[in-house]
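**Student:** Here you go, one structure.
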Amino acid sequence: MSETTHGITTGAVARRLGVSPTTLRSWDRRYGIGPASREDGRHRRWSPADVAMLEEMCRLTTSGVPPAEAARVARIRAGQQPAPPVPDAAGPTHAPGSGNGLPLGVVHKEFRGLARAAVRLDSPTMDTLLRDLVAERGLVVSWEEVMAPTLHAVGRKWESSDDRYVEVEHLLSWHISTALRQLVSSARPRVADAAPVLLACVPSEQHTLSLEALAAGLAERGLPTRMFGAAVPAEALDAAVRRLGPSAVVLWSQSRSTASHALARHVAETAFGIKGARTHPLVLLAGPGWAGRAAAPGMLRPGGLREALDILTRRCAPAG
Numbered sequence: 001m002s003e004t005t006h007g008i009t010t011g012a013v014a015r016r017l018g019v020s021p022t023t024l025r026s027w028d029r030r031y032g033i034g035p036a037s038r039e040d041g042r043h044r045r046w047s048p049a050d051v052a053m054l055e056e057m058c059r060l061t062t063s064g065v066p067p068a069e070a071a072r073v074a075r076i077r078a079g080q081q082p083a084p085p086v087p088d089a090a091g092p093t094h095a096p097g098s099g100n101g102l103p104l105g106v107v108h109k110e111f112r113g114l115a116r117a118a119v120r121l122d123s124p125t126m127d128t129l130l131r132d133l134v135a136e137r138g139l140v141v142s143w144e145e146v147m148a149p150t151l152h153a154v155g156r157k158w159e160s161s162d163d164r165y166v167e168v169e170h171l172l173s174w175h176i177s178t179a180l181r182q183l184v185s186s187a188r189p190r191v192a193d194a195a196p197v198l199l200a201c202v203p204s205e206q207h208t209l210s211l212e213a214l215a216a217g218l219a220e221r222g223l224p225t226r227m228f229g230a231a232v233p234a235e236a237l238d239a240a241v242r243r244l245g246p247s248a249v250v251l252w253s254q255s256r257s258t259a260s261h262a263l264a265r266h267v268a269e270t271a272f273g274i275k276g277a278r279t280h281p282l283v284l285l286a287g288p289g290w291a292g293r294a295a296a297p298g299m300l301r302p303g304g305l306r307e308a309l310d311i312l313t314r315r316c317a318p319a320g
């Protein structure tokens, strides 16, 4: 059966756009965003032009346009007259702007837009939203109020939906990582003489996004960093500390199974510099894996991104 000739079903369109069939039927009923023809007068069959109009509707709602206005604009751009909204006697259905089923709660419109784009696997929109978000709000607000909550919402949906949305989490993580790395690469250190901050995940630890957010925040403040990424072997970490002489070392651990307090103590006790003026790096134990034990001398355990940035800024300030 030709898609161009016969159109496609509501279920197929919903899968393509990453929205629920209920949302599509609601848009058709309330805003006139529906197929031009119906098979046997009842079953919806969506033509390529109908799907293009839906894609425009999705793009507009993702950018924060209210659904009624988005529908009006989408119809005009498709060459159709705006349809008068039809009141729903049963009350509003699941709000199209709520993130398409993700457990978002009360969030900023950017959060909702990013979640909707992620569920639709809409890479261009995610890139645009993330770039504009960081430019307007800065790294800390963007991470704490939009990026991290959206990632957590996707993760909770994955855990509660029998491994669905795994592809959403992977794509969203990639685009957030890209936005963070672009911020690092575009920044110029303002504290030229400061020793760098070394950032590394402990051995066996693969989660890097929070560490990437810290690197981006330090870059935003003009502080030099060296990011070593996931699962850095203990021997390699020791060699890097001795070669770089960092002002601080941030060790990320996502879970207690990867947190190595022996390794952290070894790093904190590592001395470098000329004889008679040897120094030690400050060690920050970052991530939930370090919870439950008090930090030893020479170590701090920040409560979040903002606190870690403030600690590291003060640490680098004397050299600047």
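The sequence shown maps to residues 1 to 320 in the UniProt record's numbering.
Note that the Cβ used here is the ideal one computed from N, Cα and C, for glycine as well.
#1: Would you kindly work out how many angstroms separate the C-alpha atoms of residue 125 and residue 65, rounded to a whole number?
#2: Less than 8 angstroms between the beta carbons of residue 58 and residue 121, yes or no?
#3: May I ask you to verify whether the segment 214-234 touches the segment 173-190, counting CB pairs closer than 8 angstroms and requiring at least 3?
#4: By the three-class DSSP mapping on this structure, what secondary structure does residue 152 have?
#5: What is the rounded straight-line gap between the Cα of residue 264 and the Cα of residue 285?
#6: Quick check on residue 208: buried or exposed, where buried means 16 or more other Cβ atoms within 10 Å of its Cβ?
#7: Beta carbon of residue 133, beta carbon of residue 117: below 8 angstroms?
#8: Please report how far the alpha carbon of residue 298 lies from the alpha carbon of residue 238, in whole angstroms.
#9: Whose C-beta lies closer than 6 angstroms to the C-beta of residue 27 among residues of the same chain, with five residues either side of it excluded?
#10: Could you tell me the boundaries of the beta strand (DSSP E) in which residue 225 lies?
#11: Check this for me: beta carbons of residue 197 and residue 246, under 8 angstroms apart or not?
#12: Rounded to whole angstroms, what is the Cα-Cα separation between residue 35 and residue 22?
#13: According to DSSP, residue 200 sits in a beta bridge with which residue or residues?
#14: What's the gap between the Cα of residue 220 and the Cα of residue 73?
#15: Assuming residue 258 contacts residue 289 (C-beta within less than 8 angstroms), just tell me the rounded distance between them.
#16: For residue 115 and residue 251, what's the separation of their Cα atoms in angstroms?
#17: Does residue 135 come out as helix, strand or coil in the three-state DSSP assignment?
#18: Rank 141, 234, 13 and 236 by C-alpha distance to the C-alpha of residue 47 and give the top, closest one.
#19: Can you tell me whether residue 143 is buried or exposed? The criterion is at least 16 other CB atoms within 10 Å of its CB, across all chains shown.
#20: What three-state label does DSSP hand residue 181 in the structure shown?
#21: So, with DSSP's three-state summary, where would you put residue 300?
#22: Under 8 angstroms between C-beta atoms, does residue 133 make it to chain C?
#23: Just how far apart, CA to CA, sit residue 253 and residue 136?
#24: With H, G and I counted as helix, E and B as strand and the rest as coil, what does DSSP make of residue 279?
#25: So is residue 167 buried or exposed if we call it buried at 16+ other beta carbons inside 10 Å?
#26: My output table needs one value for residue 291: the three-state DSSP class, helix, strand or coil.
#27: Would you decide whether residue 170 is buried or exposed? Buried here means 16 or more other CB atoms lie within 10 Å of its CB.
#28: Roughly how many angstroms separate the alpha carbons of residue 71 and residue 19, rounded to a whole number?
**Tutor:** According to the structure shown:
#1: 14 angstroms
#2: no
#3: yes
#4: Three-state DSSP puts residue 152 in a helix.
#5: So the two alpha carbons sit approximately 8 angstroms from each other.
#6: buried
#7: No, they are not a contact pair.
#8: Distance from the CA atom of residue 298 to the CA atom of residue 238, rounded to whole angstroms, is 16 angstroms.
#9: 33, listed in sequence order.
#10: Bounds of the beta strand (DSSP E) holding residue 225 are 225-227.
#11: yes
#12: 15 angstroms
#13: 251
#14: 38 angstroms
#15: Residue 258 to residue 289, Cβ: 6 angstroms. Contact.
#16: Just so you know, the alpha carbons of residue 115 and residue 251 end up roughly 30 angstroms apart.
#17: helix
#18: 13
#19: With 16 or more Cβ atoms within 10 Å of its Cβ, residue 143 is classed as buried.
#20: helix
#21: strand
#22: Absence of chain C from the displayed structure is noted, only one protein chain being present.
#23: 30 angstroms
#24: strand
#25: exposed
#26: coil
#27: exposed
#28: 15 angstroms
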